[in-house]
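Step one of this worksheet: look at the structure below.
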Amino acid sequence: MVGVSPKIAPSMLSSDFANLAAEAKRMIDLGANWLHMDIMDGHFVPNLTIGAPVIESLRKHTNAYLDCHLMVTNPMDYVDQMAKAGASGFTFHVEVAKENWQELVKKIKSTGMRPGVALKPGTPVEQVYPLVEGTDPVEMVLVMTVEPGFGGQKFMPNMMDKVRALRNKYPTLDIEVDGGLGPSTIDAAAAAGANCIVAGSSVFGAPEPGDVISLLRASVEKAQPST
Ligand SMILES: O=C(CO)[C@H](O)[C@H](O)COP(=O)(O)O
Numbered sequence: 001m002v003g004v005s006p007k008i009a010p011s012m013l014s015s016d017f018a019n020l021a022a023e024a025k026r027m028i029d030l031g032a033n034w035l036h037m038d039i040m041d042g043h044f045v046p047n048l049t050i051g052a053p054v055i056e057s058l059r060k061h062t063n064a065y066l067d068c069h070l071m072v073t074n075p076m077d078y079v080d081q082m083a084k085a086g087a088s089g090f091t092f093h094v095e096v097a098k099e100n101w102q103e104l105v106k107k108i109k110s111t112g113m114r115p116g117v118a119l120k121p122g123t124p125v126e127q128v129y130p131l132v133e134g135t136d137p138v139e140m141v142l143v144m145t146v147e148p149g150f151g152g153q154k155f156m157p158n159m160m161d162k163v164r165a166l167r168n169k170y171p172t173l174d175i176e177v178d179g180g181l182g183p184s185t186i187d188a189a190a191a192a193g194a195n196c197i198v199a200g201s202s203v204f205g206a207p208e209p210g211d212v213i214s215l216l217r218a219s220v221e222k223a224q225p226s227t
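Mapping of the sequence shown onto full-length UniProt numbering: residues 1 to 227, in sequence order.
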């Protein structure tokens with residue numbers, strides 16, 4: 001089997017935003033690979049979070065990979081500002097990029113950020129295939145396992161069919177899952193083929209967040225040993 005390495009990405013949405021730099025350092029010190037940053041515009045989803053100014057502030061305090069998930073209606077408007085702010089990955093939603101995804105991916109790549117595409121629970125997985133197979137392909141697919149907008153929701157196990165389909169088609173693709181991931185749900189996601197794991201409340205709400213990060217990684221490594 002061709003392996004893909006686990007990337008454990010605590011969702012900073014569940015952190016103490018008033019102490020973001022310290023929370024980011026704490027997660028990296030506890031073994032996180034990436035920091036997952038949820039950018040919401042109050043339009044694509046019914047919630048508002050952070051934008052480029054906060055990414056820029058955080059970037060001054062960490063060299064970590066900032067895995068930015070753009071839950072916004074017009075992702076193109078955010079590319080330059082997110083790149084300038086120091087984002088590492090830029091994941092947009094396929095539901096709002098049906099017409100211009102090629103141009104969008106090209107632009108993301110031109111800034112040096114890593115492009116990813118996300119899909120909501122109601123969106124068929126086939127919609128992202130052209131973006132993975134294009135001449136300028138995305139480098140990650142994010143399968144939402146809750147409706148985007150809020151942390152602390154219940155994992156949707158039926159989304160694992162999408163993850164399995166993606167892993168069967170694309171053995172070396174980074175496949176991320178986001179929503180309701182924790183000790184009781186990670187094995188299903190890892191067995192289906194997810195290797196990038198976003199976890200908010202299960203990590204930040206744990207007495208020992210480092211133990212949860214280790215457990216998530218161990219589950220992915222067990223299910224998908226790298227060769
Ligand atoms: O994208 C998100 C919400 O749109 C969050 O990243 C996600 O829900 C993670 O939080 P939790 O692990 O608590 O479910």
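We treat Cβ as the ideally placed atom computed from N, Cα and C, and that holds for glycine.
Owing to the predicted nature of the structure, the values given are computational and were not obtained by experimental measurement.
Set against 6 Å, the gap from the CB of residue 15 to the closest heavy atom of ligand 1 is not smaller. Contact between residue 11 and residue 198 holds: their C-beta atoms lie close to 5 Å from each other, under 8 Å. Taking the Cα positions, residue 24 is about 12 Å away from residue 55. Where residue 176 is concerned, the enclosing beta strand (DSSP E) starts and stops at 174 to 178. Assignment of residue 76 by DSSP, reduced to helix, strand and coil, places it in the helix class. Relative to ligand 1, the beta carbon of residue 151 is positioned inside 6 Å of a heavy atom. Excluding residues up to 5 positions away in sequence, 52, 55, 56 lie with their Cβ nearer than 6 Å to the Cβ of residue 85 in the same chain. Around the Cβ of residue 107, a 10 Å sphere holds 16 or more other Cβ atoms; the residue is buried. At least one heavy atom of ligand 1 falls within 6 Å of the beta-carbon of residue 178.
The three-state secondary structure of residue 11, taken from DSSP, is strand. Looking at the DSSP output, residue 141 shares a beta bridge with 117, 175.
Linking residue 20 to residue 14 through their CA atoms gives a straight-line distance of about 10 Å. With contacts defined as CB atoms closer than 7 Å, residue 163 and residue 122 fail to qualify as a contacting pair.
Residue state for residue 89 is assigned as strand, using DSSP reduced to three classes. Set against 6 Å, the gap from the CB of residue 122 to the closest heavy atom of ligand 1 is not smaller. Sequence-distant partners of residue 67 (beyond 5 residues in either direction) whose C-beta falls short of 6 Å from its own C-beta, in its chain, are 9, 34, 36, 89. The beta carbon of residue 49 sits closer than 6 Å to the beta carbons of 38, 40 from its chain, once the five residues preceding and following it are set aside; these are given in chain order. The beta-carbon distance between residue 185 and residue 155, rounded to whole angstroms, is 4 Å. This is short enough to meet the 8 Å contact definition. For residue 38, the shortest C-beta to heavy atom distance toward ligand 1 is below 6 Å.
Closest option to residue 92, judged by alpha-carbon separation, among 80, 119, 170, 111: 119. Counting along the chain, the unbroken beta strand (DSSP E) around residue 65 starts and ends at 65 to 71.
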